[in-house]
Ligand code: FES
């Protein structure tokens, strides 16, 4: 059986561009601050290959990988494996997991955590699906793991 490597598409989000405020959305906590979601349209679900990923580039921060599984569920994780930083967007998606392309750790897409016996988690990002479109939270895109990357 041949397993094709999933294709990876790119989306670039300039920092602070196109802030869209939606009211009545749940709040999120980022670095101790309570904030409302600010949903940013990323792409259509159909733009993400089934069992593949799309990469959202961020200014001064690690990319975010947006995955689509065979049931059209969409997940977003920092594109950095918790083991040694492998690009998860280039891994193999199966069920609700992605197998890292470097050393084959299995990462749970809903949580970003490695499946046992491996340990460690990568950052997960909130995802909203509406009318066939994928939205990520702009606050999270601007804040989560930015400090870590800047310090590196
Ligand atoms: S870097 Fe992902 S399994 Fe090693």
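Residue numbers (the numbering used here): 6 to 157.
Ideal Cβ placement from N, Cα and C applies to all residues, glycine included.
If you check the beta carbons only, do residue i and residue j fall under 8 Å apart?
i	j	result
residue 93	residue 128	no
residue 119	residue 111	yes
residue 146	residue 69	yes
residue 45	residue 141	yes
residue 60	residue 84	yes
residue 80	residue 132	yes
residue 50	residue 134	yes
residue 125	residue 88	yes
What I want to know is whether the C-beta of residue i ends up closer than 7 Å to one or more non-hydrogen atoms of the ligand FES.
i	result
residue 91	yes
residue 126	no
residue 118	no
residue 107	yes
residue 86	yes
residue 44	no
So who's on the other strand from residue i, going by DSSP bridges?
i	result
residue 46	140
residue 133	140
residue 118	126
residue 109	DSSP, once it has assigned bridges, lists no residue as partnering residue 109.
residue 97	104
residue 64	Answer is none; residue 64 lacks a bridge partner.
What's the C-alpha gap between residue i and residue j?
i	j	result
residue 95	residue 58	7 Å
residue 102	residue 113	5 Å
residue 18	residue 90	For residue 18, the pLDDT reaches just 46, beneath the cut-off of 50, and the residue's location in the model is therefore unreliable, leaving the point undetermined.
residue 77	residue 71	12 Å
residue 115	residue 63	21 Å
residue 43	residue 121	34 Å
residue 52	residue 104	21 Å
residue 27	residue 73	Any reading at residue 27 is ruled out, since the residue's pLDDT is 31, under 50, leaving its predicted position unreliable.
residue 106	residue 130	21 Å
residue 41	residue 67	23 Å
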